[in-house]
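Residue numbers (our numbering), protein chains in the order written: chain L, 1 to 46; chain W, 47 to 395; chain U, 396 to 838. Note that the Cβ used here is the ideal one computed from N, Cα and C, for glycine as well. Okay, so here's the structure we're looking at.
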Amino acid sequence: MVGDPSLGPDKDHAYGLQIVRGALRALQMPVDAPTLFDPLTMDVRS
Amino acid sequence: MSRPLRVLHYVNQFFAGIGGEDKANHPAEIRDGAVGPGRLLANLLGDEGIVVGTVVCGDNFFQEQQEQALAVVRQALTDWTPDVVITGPAFISGRYGIACAEVARTAQEAGVPSVAGMNAENPAVPMYSQNIYIVGTGPSPASMEPALTAMARLAVKLGRGEEIGPAADEGYLPRGERRLGYRAQPGYLRAVDMLVRKLRDQPFASEVPYQPVDKVTPAPALSNLAGATIALATTGGLIRRGNPDHQPASNTRSFLRIDVADLAELSPKDFDAYHAGYYNAIAGDNPNYILPLSYVRELEAVDEIGSVHSTVYALAGVSTPVAESRRMGAEIGAELAAAGVDGCLLVAT
Amino acid sequence: MRFESKRLEMGTFPVRDVVFGDETRWADGVLTVAKDDILREVRTKEPRVEQIDLEIAKPGESVRIWPVRDVVEPRVKVSGSGVAYPGMCGRDVATVGEGRTHRLDGIGVVEVSNVVWHAGGGDLNDQFLDMSGPLAEMIPESKLINVCVVVEPDPILDVTEQNYAVHNATLLVADALARAVADLEPPEIEVFETSPTDPPLPAVVYVQCTHSPQAMSNSPKTFCVSTYGMPQLMSPWILHPNEIMDGAINGPYRTMFATSWTVANNPIVKELYARHGVDLDFRAVIAFKTEWTTQREKELMAAQAAKMAKMLGAEGAIVTWDAGGNEFMEVIYTVRALEREGIRTVFLTSEDNPAGGAPTMLEPLPEADAIVSTGYFHSLLIDELKEKLPAVNRVIGNPVKIYERSPVGSIMEVSGLEARDSTYAPHRFDDHYGWTRLSTFAY
């Protein structure tokens, strides 16, 4: 996703920030087993 | 012919012929010579060893007054100066198994090699098999003779200080170690042989038994992100440009600590990616892709997070053995915890 | 579904000595190599080559060949469609595996060049062959008489072009040598044919996983071990075992246990053939490219490979791979997927270092209940071979070493070591196809 030159700098930055925000949201969610979070949709899959 | 080994044996009240559950409180005592299955053991040892003495103890006594029981064992070790200690076999009996394992461990700690015998399903096995030699036996006393035969054979080797071979050859339960060696046939032949056996429902032994991975309890959810200190770590192979730290691109055994307290971002002038598992050029041009410092600085500035931890951690996560990964992970985790970090973003590639 | 019974005759010409001479020919086990003629031919057919020379290295000599990119067995198809090592460097892609092939047994054509694999970073060429000493004892190619093609391309070319230029030069030398026996009657002929077994025996497939450098290099064309010349990530293919015998999978992947020579002489394929009609019915090879980059792709490829095996009627399978790291995931998922299809599976693999009692499989799965271990080479070389390999009298190739592996097995860049000096063994030496007796034991 990020790092794709065709995105251009603004979209690249926006997606990067969304991924980091997604990771920080994941830190705030209680889990008890390996859990997959999709940072773009915040779908959660155990 | 070398001199016979001096063997000390341990049995419970039942095998000593004292009695069953009603005599399980029988206190630990030392007897001369062989007792109960020790007589068969003595026969099996033949010229190789003499059962000089036996510690007898009730299973409940051992469980409830372990220190006293072990004091008797230590006394026997002093009195009899054995070359090797043999305990059990305990077969499937849990209390007896733990007693056998504890006695074997105590002997080992006193510098006397020891062998316990019990069934692989005995509850003592997972507790002790990494620390002592446990010969795998059948589940019941019906297999007394083969059990003692295997125990005696291993005890003689240990007592004579001989090199101990692989678990499968020597009859002990694996102690959690794996070592290199040569098998009789090359790998391709073993693979086809194993397949043919598997297809014919014949027994076969995997050369790498299944070993489940560690289960880690996740840390509790972060409750206050705006007040949290967030750390960054990467296995994406972040290095200082020019690699002055000589970080390897694979099979990494050490991690980098980089002080980012004064940095707003990772500039490609100062940092690079060096990792033998992905295309490095894009991350080399913008190292924030593999360690998102620029992004978390933005969020720090608008108070979405409290602060960014001043040290970041980096290594190339390629082909590093699990033991090394475990060690480095524990070290990084301990440092972050000691520094009061609340959460960490780890970027994998 | 059952394959047409392809029939391949493999004619073997043993080579017990190689000498330079006026005419390239094979007689009574002696291969004479007309060096100037061959070099002239290669320069004509492969103009991207700037420097090229041939040198001979024999087993037991105090020789180090550095750096080594590939070892190729000279082969020629004398009847049946296609060419040996099809697809590579623009060669014919016609399906191979039928008719007759002649091979020179006991020699290797070694590609010696400083060209790196790709510009993707980290994937350096630090491989070499010692012709004597502890490393030579382990490596099958060290037991060959090696005709070394010391070759460098026009440096103006991009790295992928450079790779194909030097590899094509190597194949052209191998072709020139194999041509010497094209019209001769071979001293030994073996016939490979997957005819139906009588009585019916359990059908078996071999799942051969080979690395693709596509993810690492960001290019589908990057030179590496290939299937009919295709190095890129592709969904699994079904090959007839005879296609493997004819080198349909060819090219190197940066260890001496994954060269063109080792994949064309894959001992598992030969052993499955030896048991065909005796213990099993060798049905097919499923060729599987690895290093997919997402979990979904890894799961998908594993499921599709297992489905193919099931549709082929397989009751048993052997799975091998030639790499390390994250590729382990699609490989072990394939083992699991096969087992879940009811196909009894054996997995041949090296292990990670078990120090500290750690699991030696990146992802241990209970379905992988029949594993053959070829050990872990790093530690053997470090612990049992007293750290470093001895110095040698002669170096074929570059007299200077640019890369070295550190004592723990990591690739390090170093500057200007003499290649003849005592050195650590190359970075990875996992035995991917079970050539050796090396293994790991529980203690």
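8 Å Cβ cutoff, residue i in contact with chain W
i	result
U/M405	no
L/G3	yes
L/L17	yes
U/V730	no
U/D826	yes
Whole-angstrom C-beta distance between residue j and residue i, which should lie under 8 Å
i	j	result
W/L278	W/P333	Contact flag wrong, Cβ pair sits at about 11 Å.
U/T605	U/I633	Rounded, the Cβ-Cβ distance is 15 Å, inconsistent with contact.
W/A274	W/D388	4 Å
W/V97	W/G84	5 Å
W/H72	W/G104	3 Å
U/N541	U/R464	U/N541 to U/R464, Cβ: 13 Å. No contact.
W/P169	W/G207	Wrong, their Cβ atoms sit about 31 Å apart, outside the cutoff.
U/L572	U/L426	7 Å
W/Y179	W/Y218	5 Å
Partner residues on chain U for residue i, Cβ-Cβ distance less than 7 Å
i	result
W/Q257	P754 and P759
W/A237	I663, I713, V741, L743, V767 and G829
Contacts of residue i in chain U (Cβ-Cβ under 9 Å)
i	result
W/Y244	Strictly speaking, residue 244 of chain W in this sequence is Lys, with Tyr absent from that position. Chain U residues near W/K244: G711, R739, T740, V741, D764 and A765.
W/Q33	The first residue shown for chain W is 47 and the last is 395, placing residue 33 of chain W beyond what the model contains.
Proximal residues of chain L, C-beta to C-beta of residue i below 7 Å
i	result
W/G389	L27
W/G268	Per the sequence shown, the amino acid found at residue 268 of chain W is Leu instead of Gly. Those within 7 Å of W/L268 in chain L are L27 and Q28.
Residue i: contacting residues in chain W (beta-carbon distance under 7 Å)
i	result
U/E692	Chain W residues near U/E692: none, gap ~14 Å exceeds 7 Å.
U/G720	G323, V364 and S365
U/G770	L226
U/D747	P367 and V368
U/E666	Y234, L235 and V238
Where residue i meets chain L, residues with beta-carbon distance less than 9 Å
i	result
W/Y341	H13, G16, L17, I19, V20 and R21
Cβ of residue i within 8 Å of any chain U Cβ
i	result
W/R199	no
W/V368	yes
W/M374	no
W/F43	The displayed coordinates of chain W run from 47 to 395. Any statement about residue 43 of chain W would go beyond what the structure contains.
W/P220	yes
W/E223	yes
W/L241	yes
W/V393	no
Residue i: contacting residues in chain L (beta-carbon distance under 8 Å)
i	result
W/Y335	V2, G3 and G16
W/E344	L17
W/I3	Since the displayed chain W opens at 47 and closes at 395, residue 3 of chain W lies outside it and no answer follows.
W/L271	L24, L27 and Q28
Within chain W, partners of residue i - CB distance below 9 Å
i	result
U/S834	L226, G227, Y228, R229, G233, R236 and E253
Neighbour flag for residue i against chain L, beta carbons, 8 Å
i	result
W/P338	yes
W/L116	no
W/P172	no
W/R52	no
W/Y135	The displayed chain sequence assigns Pro, not Tyr, to residue 135 of chain W. W/P135 does not count as touching chain L.
W/P264	yes
Amino acids of chain W, ordered along the chain, whose beta-carbon sits closer than 8 Å to that of residue i
i	result
U/G751	A369, R372 and R373
Under 8 Å from the C-beta of residue i: neighbouring residues of chain U
i	result
W/A214	F836 and A837
Is there contact between the stretch 211–224 of chain W and the stretch 724–740 of chain U, where contact requires at least three CB pairs shorter than 8 Å?
Taking 8 Å as the limit for Cβ pairs, the verdict is that the stretch 724–740 of chain U does not touch the stretch 211–224 of chain W.
Near-chain W residues of the stretch 22–44 of chain L (beta-carbon distance less than 7 Å), N- to C-terminal order
Within the stretch 22–44 of chain L, the qualifying residues are A23, L24, L27, Q28, M29, P30, V31 and D32.
If you pair each beta-carbon of the stretch 688–702 of chain U with each one of the stretch 660–679 of chain U, do three or more pairs fall below 8 Å?
Too few Cβ pairs lie closer than 8 Å, so no.
Residues of the stretch 668–690 of chain U with Cβ closer than 7 Å to any Cβ of chain W, in chain order
R670, D674 and L675
Short of 8 Å Cβ to Cβ, which residues in the stretch 593–625 of chain U face chain W?
When CB distances to chain W are screened at a threshold of 8 Å, the residues of the stretch 593–625 of chain U falling below it are P597, V599, A610, M611, S612 and N613, in chain order.
Specify whether the stretch 519–538 of chain U and the stretch 667–677 of chain U touch according to this definition: at least 3 beta carbon pairs, one from each stretch, less than 8 Å apart.
no
The stretch 786–797 of chain U contacting the stretch 617–634 of chain U, beta-carbon criterion three pairs below 8 Å
no
Using a Cβ distance threshold of 8 Å, determine whether the stretch 252–260 of chain W contacts the stretch 755–767 of chain U, with at least three qualifying pairs required.
yes
Would you call the stretch 132–144 of chain W and the stretch 185–194 of chain W touching, i.e. three or more CB-CB distances under 8 Å?
yes
Closer than 7 Å, Cβ to any Cβ of chain L: which residues of the stretch 299–318 of chain W, in chain order?
none
Mind the definition here: the stretch 505–520 of chain U touches the stretch 319–331 of chain W only if three or more C-beta pairs lie below 8 Å; say whether that holds.
Segments in contact, yes.
Check whether the stretch 76–96 of chain W and the stretch 228–246 of chain W touch, using three or more Cβ-Cβ pairs below 8 Å as the test.
no
Below 8 Å, how does it come out for the stretch 303–311 of chain W and the stretch 64–80 of chain W: are there three or more Cβ pairs, yes or no?
no
Between the stretch 62–90 of chain W and chain L, which residues of the former have CB atoms less than 9 Å from a CB of the latter, in chain order?
none
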